[in-house]
Amino acid sequence: MQTYRCAMTLPEQDILNSLVARIFRINDVTAGDGKEYTLRYRGQLALEDSAAAYDQLADSLRPYGLMPLFRNEKGGGQII
0 MQTYRCAMTL
10 PEQDILNSLV
20 ARIFRINDVT
30 AGDGKEYTLR
40 YRGQLALEDS
50 AAAYDQLADS
60 LRPYGLMPLF
70 RNEKGGGQII
């Protein structure tokens with residue numbers, strides 16, 4: 000089994016929080032183990048256009064080797 004390392008270091012959680020907060024009203028944040036996810040954000044998109052929100056966040060996270068995943072949650076909330 001090969002282990003791949005990102006050439007860039009992950010930003011501090013505060014940096015990621017500020018990037019996500021540009022497009023998302025954050026209710027809570029859960030730290031992951033780095034395999035399935037780094038951080039999980041629950042809340043609501045702040046932008047009506049989810050495709051534009053995704054593109055904006057993906058562009059912001061790309062330098063860190065991270066890719067967002069948007070999911071709808073039961074009860075109408077979203078998860079990143």
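Sequential numbering of the sequence shown, starting at 0, is according to this note's numbering.
Every residue gets a Cβ at the ideal spot worked out from N, C-alpha and C, and that includes glycine.
Quick check on DSSP: helix, strand or coil for residue i?
i: R21; result: coil
i: Y40; result: strand
i: A45; result: coil
i: D32; result: coil
i: Y3; result: In this prediction, Y3 has a pLDDT of 39, which is less than 50 and means its spatial position is unreliable; what the coordinates show is noted afterwards. Three-state DSSP puts Y3 in coil, outside helix and strand.
Using the C-alpha atoms, what's the distance from residue j back to residue i?
i: E11; j: M66; result: 16 Å
i: M7; j: L56; result: At M7 the pLDDT is 45, less than 50, meaning the model places this residue with poor confidence; the figure from the coordinates comes in the next sentence. Straight-line Cα distance between these residues: approximately 18 Å.
i: D48; j: R41; result: 18 Å
i: L44; j: Y36; result: 19 Å
i: D58; j: D13; result: 18 Å
i: R24; j: S17; result: 11 Å
i: G74; j: P62; result: 33 Å
i: D54; j: L68; result: 11 Å
So if DSSP puts residue i in a beta bridge, which residue, or which two residues, is it bridged to?
i: R70; result: I78
i: D54; result: BP columns for D54 are empty, so no partner.
i: D161; result: Missing from the structure shown is residue 161; the chain here goes from 0 to 79 and no further.
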